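Q:
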Amino acid sequence: MIDADRLKILTNGAKYDVSCSSSGSGRRNAGGLGNAAPAGICHSFTPDGRCISLLKILLSNDCIYHCRYCVNRADSDIPRASATAEEICELTIAFYKRNYIEGLFLSSAVHVSPDRTMEEMVRAVKLLRTVYRFHGYIHLKGIPHADPALVREGAKYADRMSYNIELPSEKSLKLLAPQKTKQSLLLPMRELTAFRREGAERKKGHILPAGQTTQLIVGASPEPDGKILHLAQSLYDRVGLKRVYYSGYVPVVHDGLLPEKPAGALREHRLYQADWLLRFYGFTADELLSESENLAAEYDPKCAWALKNMHLFPVEINRCPAELLLRVPGIGMRGAKRILEARRYAVLRYEDLLRMRIVMKRAKHFITCDGKFFGAEKPARIRRSLVLQGAAENAEQLSLFSSPETALTSLTGEL
Ligand code: SF4
Numbered sequence: 370m371i372d373a374d375r376l377k378i379l380t381n382g383a384k385y386d387v388s389c390s391s392s393g394s395g396r397r398n399a400g401g402l403g404n405a406a407p408a409g410i411c412h413s414f415t416p417d418g419r420c421i422s423l424l425k426i427l428l429s430n431d432c433i434y435h436c437r438y439c440v441n442r443a444d445s446d447i448p449r450a451s452a453t454a455e456e457i458c459e460l461t462i463a464f465y466k467r468n469y470i471e472g473l474f475l476s477s478a479v480h481v482s483p484d485r486t487m488e489e490m491v492r493a494v495k496l497l498r499t500v501y502r503f504h505g506y507i508h509l510k511g512i513p514h515a516d517p518a519l520v521r522e523g524a525k526y527a528d529r530m531s532y533n534i535e536l537p538s539e540k541s542l543k544l545l546a547p548q549k550t551k552q553s554l555l556l557p558m559r560e561l562t563a564f565r566r567e568g569a570e571r572k573k574g575h576i577l578p579a580g581q582t583t584q585l586i587v588g589a590s591p592e593p594d595g596k597i598l599h600l601a602q603s604l605y606d607r608v609g610l611k612r613v614y615y616s617g618y619v620p621v622v623h624d625g626l627l628p629e630k631p632a633g634a635l636r637e638h639r640l641y642q643a644d645w646l647l648r649f650y651g652f653t654a655d656e657l658l659s660e661s662e663n664l665a666a667e668y669d670p671k672c673a674w675a676l677k678n679m680h681l682f683p684v685e686i687n688r689c690p691a692e693l694l695l696r697v698p699g700i701g702m703r704g705a706k707r708i709l710e711a712r713r714y715a716v717l718r719y720e721d722l723l724r725m726r727i728v729m730k731r732a733k734h735f736i737t738c739d740g741k742f743f744g745a746e747k748p749a750r751i752r753r754s755l756v757l758q759g760a761a762e763n764a765e766q767l768s769l770f771s772s773p774e775t776a777l778t779s780l781t782g783e784l
């Protein structure tokens, strides 16, 4: 069994990975232990939006690579530890039986070689499924440069796999993570996409039911938000990723090539909001900003888009097509659904929208209700009002969610 000292080192080393939330996995228990629920098992969140109910652990923190931003890099003077596949399994089962966790998030530094590390990680998840009969959720991290056969083998047992894309450009990778290349990260992602497709075509059960995710460090290198969002869009469209996680850079090691200051929670928050618009609201990265631009800090990306496209507004709430309704600031997915349903039976007025909990402080500048307009006439006044609201909401969000509504928006990114 892993002793307390090693456990501390291995779990501490895993805490920087934010891509561990789970969803979409619905395997039934066939006489073993645990369940992977369709709605996701990470139902417990820390105030900054990170989930806490998985055992999040490294197989090893003893790395042969030199990623400059990483505390585990080969030349770091830190305590090192590794575990065996059997030790990871015993720990997972012991924690599960004590009700401490509902699943496993297994990652690792590159220990000895990419193949050696990946082999041991795959052995751990295979043992958990076949010997320990564990049916709980498993998220397996991929090791760049490992043999594609190992990548496929891991995918047979995990619910989700992820390769961290790390930085938004090849140039930054070369500078800050010299052993990693764009290809070493993209090829296994494509391998997994192909494997999932083959599995679906041959009806061989659901391979990686919770899909693939990735994590990007924001602010360690100079790329603007536009470059990051365009990359995210191509990962969704071309590689079929389920989710891109944005991890604001935090200086944990001193290095002349890295910024001295953290990227800040607001930048990370705006990227999550924009990402939400890409995945659920039908926006493209191009519509939101060019590759060389940054997202506005003063207000959310949907407001920023609407202000750039004032010629489309105001729209009449009782007739506006669903796609455009979703683009009105202050009307979220649930709000749009309520409006579409209700307007089939009655003409909606301002008070009706308030009752539907539409955020009228924002929406009123972009809509008419039964022909009546309640917003500000001049773009400068609209802008000022949105900036003031944005400032109030950001102050709340950054002070750890003082209201349930702000907490929900911050966790989901819904706008
Ligand atoms: S591969 Fe890079 S990021 Fe991963 S543990 Fe090693 S040094 Fe850190």
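Following this note's numbering, the numbering of the sequence shown begins with 370 at its first residue and continues without gaps.
Quick reminder that beta carbons are idealized off the backbone N, C-alpha and C, glycines included.
Just so it is clear, the structure is predicted and the values come from calculations on it, not from any experiment.
On the DSSP bridge list, what partners appear for residue 508?
A: Its beta-bridge partners are 474 and 529.
Q: Please classify residue 533: is it buried, with 16 or more other beta-carbons within 10 angstroms of its beta-carbon, or exposed?
A: Buried: at least 16 other Cβ atoms inside 10 Å.
Q: Taking the alpha carbon of residue 504 as the point to measure from, which residue in 484, 606 and 462 has its own alpha carbon closest?
A: With distances taken between Cα atoms, residue 504 lies closest to 462.
Q: Report back the beta-carbon spacing between residue 519 and residue 491 to the nearest angstrom; my notes put them in contact at under 8 Å.
A: At roughly 6 Å, the Cβ-Cβ gap stays under 8 Å, so residue 519 and residue 491 are in contact.
Q: Between 629, 554, 472 and 735, which lies nearest to residue 683 when the distance is taken from Cα to Cα?
A: Residue 735 is the option with its Cα nearest to residue 683.
Q: Who are the near neighbours of residue 651 in its chain, counting only those whose CB is closer than 7 Å to its CB and skipping five residues on each side?
A: Cβ within range, chain order: 692 and 695.
Q: Kindly indicate which residue of 669, 437 and 611 has the alpha-carbon position closest to the one of residue 756.
A: Comparing Cα positions, the closest option is 669.
Q: In terms of alpha-carbon separation, which member of 542, 438 and 493 lies closest to residue 621?
A: Checking every option, the nearest Cα to that of residue 621 belongs to 438.
Q: Is any non-hydrogen atom of ligand 1 found closer than 6 Å to the C-beta of residue 442, if you look at the structure I gave you?
A: Checking every heavy atom of ligand 1 against the Cβ of residue 442, one is found closer than 6 Å.
Q: How would you call residue 476, buried or exposed, if buried means at least 16 neighbouring beta carbons within 10 angstroms?
A: Buried is the call here.
Q: Taking the alpha-carbon of residue 674 as reference, which of 728, 487, 655 and 524 has the nearest alpha-carbon?
A: Of 728, 487, 655 and 524, the residue nearest in Cα terms is 655.
Q: Can you tell me whether DSSP reads residue 581 as helix, strand or coil?
A: If DSSP states are grouped into helix, strand and coil, residue 581 belongs with the strands.
Q: Does the stretch 529 to 543 come close enough to the stretch 580 to 596 to have 3 or more Cβ pairs within less than 8 Å?
A: Judged by Cβ distances under 8 Å, the stretch 529 to 543 makes contact with the stretch 580 to 596, as three or more pairs qualify.
Q: Identify every residue that forms a DSSP beta bridge with residue 535.
A: Beta-bridge pairing links residue 535 to 585.
Q: Take residue 653 and list the residues in its own chain whose beta-carbon comes closer than 8 Å to its own, dropping the five residues that flank it on each side.
A: The answer, listed in chain order, is 602 and 647.
Q: Tell me the rounded alpha-carbon separation between residue 754 and residue 663.
A: In a straight line, the C-alpha of residue 754 is about 21 Å away from that of residue 663.
Q: Suppose you measure from the CA of residue 379 to the CA of residue 742; what does that come to, to the nearest Å?
A: Those two C-alpha atoms are separated by around 58 Å.
Q: Residue 696 by DSSP, collapsed to three states: which one?
A: Three-state result, residue 696: coil.
Q: Residue 747 by DSSP, collapsed to three states: which one?
A: Reduced to three states, the DSSP call for residue 747 is coil.
Q: Could you check if residue 622 belongs to the surroundings of ligand 1, using beta carbon to heavy atom distance under 6 Å?
A: No, the beta carbon of residue 622 sits no closer than 6 Å to any heavy atom of ligand 1.
Q: Out of 614, 384, 457 and 383, which one is the CA nearest neighbour of residue 370?
A: Nearest of 614, 384, 457 and 383 to residue 370, Cα basis: 457.
Q: Taking 8 Å as the threshold, find out whether the stretch 623 to 638 comes into contact with the stretch 560 to 571 through three or more Cβ pairs.
A: Contact fails: fewer than three Cβ-Cβ distances are below 8 Å.
Q: Return yes when the Cβ of residue 432 is within less than 7 Å of the Cβ of residue 443, no when it is not.
A: Contact flag set, yes.
Q: Would you say residue 591 and residue 661 are within 7 Å of each other, going by their C-beta atoms?
A: It is not a contact, given that the beta carbons lie outside the stated cut-off.
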